[in-house]
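Numbering (our numbering), first residue to last: 1 to 332.
Note that the Cβ used here is the ideal one computed from N, Cα and C, for glycine as well.
Note sheet for the following structure.
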């Protein structure tokens with residue numbers, strides 16, 4: 001059971017102690033401020049984007065190969081069955097903007113069908129992305145490629161190098177579930193504005209299903225998802241100069257039916273203190289850091305979300321068990 005109490009927080013001046021060497025902080029001032037605010041909140045939390053350093057991206061690739069992790073293979077089966085229909089809906093020659101592209105494999109599998117004029121993969125893990133795009137460009141030299149290493153979760157402006165005509169945002173893998181429904185509407189409105197009058201969206205959405213299936217997908221028997229979650233602490237150490245000891249924490253994941261979402265947390269195995277440049281916090285045994293949510297939808301509830309965001313005509317494809325959906329929505 002999670003401990004709920006007022007956190008023991010101390011904000012420390014960087015000049016207050018000269019006895020212990022400070023760990024270097026490699027994050028930008030904005031990143032350090034964002035992480036610090038989350039760690040000092042009454043209920044500690046971080047953004048799931050900090051799961052994805054280079055190692056985190058590789059661990060997520062491994063998660064996608066696990067038997068428990070149904071979203072990747074289920075979505076792939078939908079693309080395999082209905083890819084031609086999707087290509088007809090999207091049309092040839094679009095600028096395909098791949099959000100959270102990772103290794104770019106999902107988009108690349110659709111290139112023969114979608115025939116994009118331009119491919120724009122976007123990912124927060126810049127070095128990992130650039131390596132993937134370099135290999136992809138050799139396979140598809142006819143497609144113009146512009147890689148963007150940036151955080152798109154709080155909105156972004158596309159550079160002039162991205163064609164303004166026929167922008168189609170590609171957001172597979174149910175990553176939209178990392179946003180709360182209200183946050184998702186705001187995010188989707190931003191995509192709608194960037195898509196222009198002739199653009200659209202091709203998005204993967206995880207649907208509500210048996211809770212045991214959901215729980216297993218985020219807490220696999222091999223512990224790969226646990227390693228993925230715990231790796232965030234190593235990443236935070238790098239970004240803010242913290243001294244998280246991974247051995248003092250454990251991975252916790254479960255479906256919250258009241259909020260229709262999977263929750264991932266890191267739970268303290270013992271009483272401990274974490275320090276970083278400018279602050280520190282005591283954690284009681286059992287106290288948690290909330291690291292990720294993954295909201296699940298019904299088909300109609302997500303169509304309603306798209307309509308609220310300003311998207312118009314939609315087409316939907318699902319697997320035979322109706323575990324997952326891929327939706328194409330037009331901007332107008």
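**OP:** Go through its chain and collect everything with a Cβ distance to residue 163's Cβ below 6 Å, but skip five positions before and after it.
**Re:** In the chain shown, residue 163 corresponds to position 163, counting from 1. For residue 163, where only same-chain residues beyond five positions count, the Cβ hits under 6 Å are 95, 118.
**OP:** Please confirm if the stretch 125-141 is in contact with the stretch 153-167, defined as three or more CB-CB distances below 8 Å between the two stretches.
**Re:** Contact fails: fewer than three Cβ-Cβ distances are below 8 Å.
**OP:** For residue 254, write down the residues that DSSP places opposite it in a beta bridge.
**Re:** Translated into the one-based positions of the chain shown, residue 254 becomes position 254. Residue pairing by DSSP places residue 254 opposite 263 in a beta bridge.
Original post:
Curious, which full-length alpha helix (DSSP H) runs of at least 4 residues does the stretch 139-222 contain?
Top reply: List check, alpha helix (DSSP H) in window: 181-195, 211-217.
Original post:
How should residue 155 be labelled, buried or exposed, when 16 other C-beta atoms within 10 angstroms of its C-beta is the threshold for buried?
Top reply: Here residue 155 refers to the residue found at position 155 of the chain shown. Its Cβ having fewer than 16 others within 10 Å, residue 155 is exposed.
Original post:
Applying the criterion that 16 or more other CB atoms from any shown protein chain within 10 Å of the CB defines a buried residue, is residue 34 buried or exposed?
Top reply: Within the chain shown, the letter at position 34 stands for residue 34. Under this definition residue 34 is a buried residue.
**OP:** Please specify which runs of the alpha helix (DSSP H), each continuous and at least 4 residues long, are wholly inside the stretch 86-128, giving them in chain order.
**Re:** Those alpha helix (DSSP H) runs which fall completely within the stretch 86-128 and span 4+ residues are 105-114.
Original post:
Nearest CA to the CA of residue 152: which residue from 178, 99, 182?
Top reply: By one-based count along the chain shown, residue 152 stands at place 152. Nearest C-alpha to residue 152: 99.
Original post:
Can you tell which of 60, 22, 49, 129 has the C-alpha that lies nearest to the C-alpha of residue 220?
Top reply: Counted from its first residue, the chain shown places residue 220 at position 220. Of the candidates 60, 22, 49, 129, the one whose C-alpha sits nearest the C-alpha of residue 220 is 60.
Original post:
Going by the CB atoms, is the gap between residue 189 and residue 309 shorter than 8 Å?
Top reply: On the chain shown, position 309 is the one that residue 309 refers to. On the chain shown, position 189 is the one that residue 189 refers to. Their beta carbons are under 8 Å apart, which means residue 309 touches residue 189 by this criterion.
Subject >> Among 31, 47, 40, 42, the one whose alpha carbon lies nearest that of residue 293 >> reply: Taking the first residue of the chain shown as position 1, residue 293 is located at position 293. Its Cα nearest to that of residue 293, the residue 47 stands out among 31, 47, 40, 42.
**OP:** Check whether the stretch 290-305 touches the stretch 255-269, taking contact to mean three or more Cβ pairs, one atom from each stretch, closer than 8 Å.
**Re:** Taking 8 Å as the limit for Cβ pairs, the verdict is that the stretch 255-269 does touch the stretch 290-305.
Original post:
Hey, which unbroken runs of the alpha helix (DSSP H) at 4 residues or more fall wholly within the stretch 17-64?
Top reply: If you keep only unbroken alpha helix (DSSP H) runs of at least 4 residues inside the stretch 17-64, you get 29-39, 54-63.
Subject >> The beta strand (DSSP E) enclosing residue 294, as first and last residue numbers >> reply: For this step, residue 294 is matched to residue 294 along the chain shown. 288-295 is the extent of the beta strand (DSSP E) around residue 294.
**OP:** Report the residue from 97, 30, 307, 323 whose alpha carbon sits nearest the alpha carbon of residue 194.
**Re:** Taking the chain shown and counting its residues from 1, one reaches residue 194 at position 194. If we check each option's Cα against that of residue 194, 97 comes out closest.
Original post:
Should residue 16 be labelled buried (16 or more other beta-carbon atoms within 10 Å of its own) or exposed?
Top reply: Numbered from 1 along the chain shown, position 16 holds the residue referred to as residue 16. Model confidence at residue 16 stands at a pLDDT of 39, short of 50, so the residue's coordinates are unreliable and nothing is read from them.
Subject >> Which residues DSSP lists as bridging residue 327, in chain order >> reply: For this step, residue 327 is matched to residue 327 along the chain shown. In the DSSP output, where bridge partners are listed per residue, residue 327 has 203, 316.
Subject >> Spatial distance of residue 141 from residue 106 (CA atoms) >> reply: Mapped onto the chain shown, residue 141 falls at position 141. Mapped onto the chain shown, residue 106 falls at position 106. When rounded, the distance between both Cα atoms is 18 Å.
Original post:
If you follow the beta strand (DSSP E) that residue 226 is part of, which residue opens it and which one closes it?
Top reply: Position 226 of the chain shown, counting from 1, holds the residue named residue 226. Counting along the chain, residue 226 falls outside any beta strand (DSSP E), though it belongs to the alpha helix (DSSP H) covering 224-240.
Subject >> Three CB pairs or more closer than 8 Å across the stretch 241-253 and the stretch 268-280 >> reply: By the Cβ rule, the stretch 241-253 counts as touching the stretch 268-280, because three or more pairs are nearer than 8 Å.
**OP:** Could you give the DSSP three-state label for residue 393: helix, strand or coil?
**Re:** Shown here, the chain extends from 1 to 332; a query on residue 393 therefore has no answer.
Original post:
Alpha carbon to alpha carbon, how far is residue 132 from residue 159?
Top reply: Taking the chain shown and counting its residues from 1, one reaches residue 132 at position 132. Taking the chain shown and counting its residues from 1, one reaches residue 159 at position 159. So the two alpha carbons sit approximately 21 Å from each other.
Subject >> Own chain residues within Cβ distance below 8 Å of residue 313, not counting five before or after >> reply: Here residue 313 is taken as the residue at index 313 of the chain shown, counted from 1. If you ignore the 5 residues before and after residue 313, its C-beta comes within less than 8 Å of the C-beta of 329, 330, all in its own chain and listed in chain order.
Original post:
If you run the structure through DSSP and keep just helix, strand and coil, what is residue 268?
Top reply: Residue mapping note: residue 268 aligns to position 268 of the chain shown, counting from 1. Strand.
Original post:
Using CA coordinates, which residue listed in 144, 128, 52, 255 is at the minimum distance from residue 235?
Top reply: The residue labelled residue 235 in the question sits at position 235 within the chain shown. Among 144, 128, 52, 255, the Cα nearest to that of residue 235 is on 52.
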